[in-house]
Amino acid sequence: MDPALHSVLQYLDNIIASAPVEPNYAQCLSQVHHRVAEADARVLTLPLKACEAAGAENARAIPVAAAWHGLRTAARILDDVEDGHHRAMDGAPHPAAYLINLATGCIAVANLALNHAASKLTPAQRLALLWRFNQTMAVMAGAQHLDLAESGVATADSYWRHVREKSGAFLGLAVQGGALCAMDDEKALARYYEFGYNVGVALQLVNDFNGFFTEEPLSDLALGKRTLPIFFIEEQAPSSVSGSIRVLLARAHHDSDARARIRRIARRWGADVYMVAEILRHHAQARRSLRPSDDPHHVLRRWSNEILKMHRSSLAHQIVLRSTLPLPSS
Numbered sequence: 624m625d626p627a628l629h630s631v632l633q634y635l636d637n638i639i640a641s642a643p644v645e646p647n648y649a650q651c652l653s654q655v656h657h658r659v660a661e662a663d664a665r666v667l668t669l670p671l672k673a674c675e676a677a678g679a680e681n682a683r684a685i686p687v688a689a690a691w692h693g694l695r696t697a698a699r700i701l702d703d704v705e706d707g708h709h710r711a712m713d714g715a716p717h718p719a720a721y722l723i724n725l726a727t728g729c730i731a732v733a734n735l736a737l738n739h740a741a742s743k744l745t746p747a748q749r750l751a752l753l754w755r756f757n758q759t760m761a762v763m764a765g766a767q768h769l770d771l772a773e774s775g776v777a778t779a780d781s782y783w784r785h786v787r788e789k790s791g792a793f794l795g796l797a798v799q800g801g802a803l804c805a806m807d808d809e810k811a812l813a814r815y816y817e818f819g820y821n822v823g824v825a826l827q828l829v830n831d832f833n834g835f836f837t838e839e840p841l842s843d844l845a846l847g848k849r850t851l852p853i854f855f856i857e858e859q860a861p862s863s864v865s866g867s868i869r870v871l872l873a874r875a876h877h878d879s880d881a882r883a884r885i886r887r888i889a890r891r892w893g894a895d896v897y898m899v900a901e902i903l904r905h906h907a908q909a910r911r912s913l914r915p916s917d918d919p920h921h922v923l924r925r926w927s928n929e930i931l932k933m934h935r936s937s938l939a940h941q942i943v944l945r946s947t948l949p950l951p952s953s
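Counting the sequence shown from 1 gives a position; this note's numbering is that position plus 623.
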């Protein structure tokens, strides 16, 4: 395991062990944090890299990375409950109430991690972090409320708002929070936030791209989720095509042929190319947001390049598929 990742998870384990928590529940909390970390270790170390980029030893940001991971784990569990995935990252089914209670514990652990950071941070830094963490949680909860409302995410505008206020805001917090452990320059901190925000949007777009164009039992189409490709078609294609999409969407949750037809229509109208262009645009905006003095040793730029390379590799074969499709007819 990466030493930085190990340090963050060890910090979380110590926080959980020091709390007067029922032993079996404590074990579940530790296990779920470890499983979520294993799924995407690159993102978990982002606060540490931001702290290093801002000029301090990355160990100063371990409490921030731990707190951020606690919130990330809670959000992952709650998102899965909303989507009907009643599993605690262990493959076993659990009642929704069990998972919600587990997420509550993760949020508590995140707050304990920040409160245990007094030895590494000044009082002003700790207060600033508490304010930023809680403000971001409120923004993300508001975005999730939009998703849970009866109308849901029903337009391109509401989709973009949802992505920006959840994924964008949360990755912005990771980078800004890590940098805050090393500095108090508000203008520079705003640039770090902008870097994380744009990376967060790009990551969510990649997730939605794969959730739409990849056939899996719990794909977005199988779950009835309307994401960016659908909104793109509704805005760009004739009403007859949009009407066909609506009919197919009504069958998509139980009909693999309907899902395949939706994907073919989306490719014919260029929804895949549009999404990749947006992913690359946000990666470019992330890199442009930092001045040379913000990242003199290219810590964040190297991390961003690795993520971009991974994205290009995972999306390239999907784009190749569209070259075999006929051009759209009006």
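No residue lacks a Cβ here, since even glycine has one placed at the ideal position from N, Cα and C.
Remember, it's a predicted structure, so these values are computed and weren't measured experimentally.
Secondary structure of residue i, DSSP reduced to three states
{"i": "L861", "result": "This sequence places Pro at residue 861; Leu is not what is there. Of the three classes helix, strand and coil, the one that applies to P861 here is coil, per DSSP."}
{"i": "P852", "result": "helix"}
{"i": "P840", "result": "coil"}
{"i": "P716", "result": "strand"}
{"i": "A772", "result": "coil"}
{"i": "P626", "result": "helix"}
{"i": "V762", "result": "helix"}
{"i": "E645", "result": "coil"}
{"i": "L846", "result": "coil"}
{"i": "L913", "result": "coil"}
{"i": "C651", "result": "helix"}
{"i": "D702", "result": "helix"}
{"i": "H657", "result": "helix"}
{"i": "W587", "result": "Residue 587 lies beyond the range of the chain shown here (624 to 953); nothing can be said about it."}
{"i": "D636", "result": "helix"}
{"i": "L903", "result": "helix"}
{"i": "H692", "result": "helix"}
{"i": "G678", "result": "coil"}
{"i": "K672", "result": "helix"}
{"i": "L744", "result": "coil"}
{"i": "H934", "result": "helix"}
{"i": "P951", "result": "Here the model assigns P951 a pLDDT of 42, short of 50, so the residue's position is not dependable and the matter cannot be decided."}
Classification of residue i by the beta-carbon crowding that lies within 10 angstroms, buried from 16 upward
{"i": "D625", "result": "exposed"}
{"i": "W691", "result": "buried"}
{"i": "L750", "result": "exposed"}
{"i": "W754", "result": "exposed"}
{"i": "H768", "result": "exposed"}
{"i": "N647", "result": "exposed"}
{"i": "N757", "result": "exposed"}
{"i": "P949", "result": "Interpretation of P949 is limited by its pLDDT of 45, a score under 50 that renders its predicted location unreliable; the figure taken from the coordinates is listed afterwards. By the 10 Å Cβ count, P949 comes out exposed."}
{"i": "T850", "result": "buried"}
{"i": "A662", "result": "exposed"}
{"i": "K932", "result": "exposed"}
{"i": "Q748", "result": "buried"}
{"i": "A772", "result": "exposed"}
{"i": "L629", "result": "The sequence given here has His at residue 629, not Leu. Exposed, by the Cβ-count rule."}
{"i": "L722", "result": "buried"}
{"i": "S927", "result": "buried"}
{"i": "A720", "result": "exposed"}
{"i": "T668", "result": "buried"}
{"i": "Q633", "result": "exposed"}
{"i": "Q650", "result": "exposed"}
Contacting residues, own chain, Cβ-Cβ under 6 Å from residue i (five flanking each side not counted)
{"i": "M806", "result": "A677"}
{"i": "S653", "result": "D636 and I639"}
{"i": "F855", "result": "A894 and Y897"}
{"i": "L735", "result": "I638"}
{"i": "K789", "result": "M763 and A766"}
{"i": "S842", "result": "G834"}
{"i": "P951", "result": "Residue placement at P951 cannot be trusted, given a pLDDT of 42 that sits under 50; the coordinates are not used to answer."}
Cβ shell of residue i (< 7 Å), same chain only, five flanking positions each side left out
{"i": "E857", "result": "S865"}
{"i": "L913", "result": "R814, F818 and L923"}
{"i": "A881", "result": "L871, R874 and A875"}
{"i": "R787", "result": "V824"}
{"i": "T696", "result": "V655, H656, V659 and C729"}
{"i": "I868", "result": "I853, I856, I885 and I888"}
{"i": "H739", "result": "I638 and P686"}
{"i": "Q859", "result": "W892"}
Neighbourhood of residue i by C-beta, 8 Å cutoff - its chain only, sequence neighbours within 5 removed
{"i": "D770", "result": "E705, V776 and H785"}
{"i": "D918", "result": "A676 and R924"}
{"i": "E929", "result": "R665"}
{"i": "L846", "result": "D706, G707 and H876"}
Proximity test, residue i beta-carbon vs the ligand COA heavy atom, cut-off 7 Å
{"i": "H657", "result": "Summarising the ligand content, the structure contains no ligands, and the ligand COA is consequently not present."}
Checklist entry - For the 8 Å Cβ check, are there 3 or more pairs between the stretch 902-909 and the stretch 822-830? => result A contact exists between the stretch 902-909 and the stretch 822-830.
Item to check | the stretch 785-794 contacting the stretch 757-766, beta-carbon criterion three pairs below 8 Å | outcome: Contact holds: three or more Cβ-Cβ distances are below 8 Å.
Checklist entry - Can at least three beta-carbon pairs, one atom from the stretch 876-896 and one from the stretch 800-814, be found at a separation below 8 Å? => result No contact exists between the stretch 876-896 and the stretch 800-814.
Next on the checklist: Three or more C-beta pairs under 8 Å: does that hold for the stretch 662-681 against the stretch 921-932?
Outcome noted: Judged by Cβ distances under 8 Å, the stretch 662-681 makes contact with the stretch 921-932, as three or more pairs qualify.
Checklist entry - How about the stretch 834-844 and the stretch 681-689: do they share at least three Cβ pairs that are nearer than 8 Å? => result Too few Cβ pairs lie closer than 8 Å, so no.
Item to check | 4-residue-minimum alpha helix (DSSP H) runs that sit fully inside the stretch 778-840, ordered along the chain | outcome: Here the runs fully enclosed are 779-786, 792-803 and 809-836.
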